[in-house]
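Numbered according to our numbering, the sequence shown spans residues 1 to 145. Cβ atoms here follow ideal geometry from the backbone N, Cα and C, with glycine treated the same way. The model shown is predicted, which means the values in this text are computed figures rather than measured ones. To start, the structure itself, in structure tokens.
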Amino acid sequence: MTRAFPLAGLLRMRGRAEEQAVADLATARRDEARAADLRRATAAALAGAGMPATGDDIAWMAAVASRSTLAALLSERDHQLGRAAETVQDCSEAWSVARRDARALELLEERHVATERAEELHAEQVVLDEVAARGAAPARIGATS
């Protein structure tokens, strides 16, 4: 009978940590894409916000205020996009570490399984050799009599 892998619990825990890291990375990438979309939309709105061709001072001041607000919003969107990119980088690094840790235990488990299998095969061979030796011994005894 094979022995259970002694670090199976830790391997399961590392596997779950890796799954969580993958989920966090996917969320971070989705947030980054959303931030990039918002930035593009704000940049397009700023590019489309022109000055009035005709009008009074109030219309001109409203256009200036609108462009100023959009410029400030674009700056904020740039900052959000930068933070989102940093989060993606952090999550990517966390996933790499989690994957490395899980893979190390997976390799240990593979080695454990191979060792167990080799021990089983050796034990089976010992039994077969003993059976063969017992079967050969009576044949030799009968041949010498």
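Membership of D37 in the alpha helix (DSSP H) is indicated by the continuous run 8 to 48.
Three or more Cβ pairs closer than 8 Å define a contact, and the region 112 to 132 falls short of that threshold against the region 17 to 27. Per DSSP, reduced to three states, the secondary structure at D56 is coil, with no helix or strand assignment. Here the alpha carbon of S75 sits roughly 54 Å from the alpha carbon of P6. For T2, the CB contacts under 6 Å within the same chain, skipping 5 residues up- and downstream, are E116 in chain order. The Cβ-Cβ distance between L70 and A49 falls below 9 Å. The Cβ atoms of A98 and D31 lie no closer than 9 Å to each other.
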